[in-house]
Structure formats: structure tokens, C-alpha cells
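What follows is a short report on a single structure.
Listed below in C-alpha cells is the structure:
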């Protein structure tokens with residue numbers, strides 16, 4: 051007996067099936083991609099996300115923004131793409147009926163071997179097309195290094211932080227340090 055043929059899915063079918071799915075899946079132009087690393091995220095990945103959340107959540111709340119860590123979908127391009135960023139900050143008005151966000155000002159992905167290429171290319175292109183996005187951070191977990199993309203008008207400016215430094219986060223009026231990101235992970 052042969053395997054069933056793979057078929058495209060509509061965004062509505064994806065959203066409906068995602069509610070019952072045992073694994074998180076991202077959706078890009080009709081195709082669904084399981085997030086393989088969710089059940090087995092490394093300790094550094096988990097700690098980095100927790101450190102960032104611990105530092106930025108009070109800042110975001112004070113400004114009336116919302117911070118999500120890995121469990122909130124981001125919808126991009128109408129209904130063409132849905133992703134689960136590792137950390138997302140949204141300062142736009144909330145629509146409590148939606149189980150996704152559409153206007154983040156800050157997105158953060160912690161790089162791993164299985165996701166780095168997609169985070170650097172596919173997600174970079176999708177994320178930086180969002181008019182609301184001001185900063186996109188790609189965080190290494192095997193070394194103290196952050197690739198920070200900041201919107202400069204219509205262009206994106208890359209800053210590469212290694213070992214030390216402060217990353218300006220305009221939508222939160224805050225500078226996040228590498229020490230805050232890597233506490234308990236890498237010295």
C-alpha cells in the first residue's frame with residue numbers, strides 16, 4: 051500500500067487542524083511544516099528564551115504591549131503564512147477573538163542547527179516585510195552572538211554583537227544586553 055498523496059491546505063484548514071494537532075506546525079503558502087524541535091528544545095534555547103522573556107515582559111507590560119514566548123502564532127501576508135516566533139512583542143491594539151498576532155514590533159528567533167537556515171532566509175524575508183516590525187534578532191545558542199536587524203526607513207541595518215553589547219529595542223525604549231540574554235547559559 052502506498053502512502054497517501056500530500057495535498058495543499060487552505061489557511062482555514064490549517065487553523066482548524068492546528069487546534070487539534072499534537073505538534074506545532076507552521077504554514078507557508080498552503081504547505082504545513084511541523085516544528086520538530088519543540089518537544090526537544092535544548093537547555094540553552096529554553097534558558098535564552100526565558101531570560102529574554104523575564105527581562106522584557108515587565109517593560110512590555112508597562113508600555114501596554116504584549117510579549118509572547120513561542121506559543122502564539124504570527125500571521126503574515128493575509129492568510130498566506132503562520133509562524134511561531136520564539137519571542138514576539140506586539141504593541142498594536144489587541145483583537146481578543148484572534149488566536150494570532152499580525153503587527154509585531156519585535157521578533158526574536160533562537161538559532162539551532164535545524165532552524166538556522168530558515169530563520170536567516172525564509173523568516174527574515176517574511177518578517178522584514180511586516181510594516182510594524184522594527185527589530186528582528188537572531189540569537190546564537192552556542193556562542194554569545196546576536197544578529198540584530200533594525201529598520202532604518204525602508205532598509206534594514208545589521209548589527210553583529212559578539213560577547214558584549216547592548217541592543218537597542220526602539221518599540222520598548224529599552225536596550226537589551228548580551229549579559230541579560232545569556233545569564234546562566236554562556237559566560
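Residue numbers (our numbering): 51 to 237.
All C-beta atoms in this analysis are idealised placements derived from N, C-alpha and C, irrespective of residue type, glycine included.
If you're wondering where the values come from, they're calculated on a predicted model, not measured in any experiment.
- Comparing C-alpha distances from residue 146 to each of 172, 116 and 169 shows the shortest one belongs to 116.
- Residue 158 and residue 188 have their C-alpha atoms roughly 6 Å apart.
- A straight line joining the alpha-carbon of residue 125 with that of residue 152 spans about 5 Å.
- Beta-carbon to beta-carbon, residue 219 and residue 161 are separated by about 19 Å, too far to satisfy the 8 Å threshold.
- The DSSP-derived three-state label of residue 185 is strand.
- The three-state secondary structure of residue 155, taken from DSSP, is strand.
- For residue 184, the number of other beta carbons within 10 angstroms of its own is at least 16, and it is reported as buried.
- Pairing residue 59 with residue 77, the inter-Cα distance amounts to about 9 Å.
- A contact between stretches requires three or more CB pairs, one per stretch, nearer than 8 Å, and the segment 192-200 meets this requirement with the segment 225-236.
- Look at residue 74 here: in three-state DSSP terms it is coil, with no helix or strand label.
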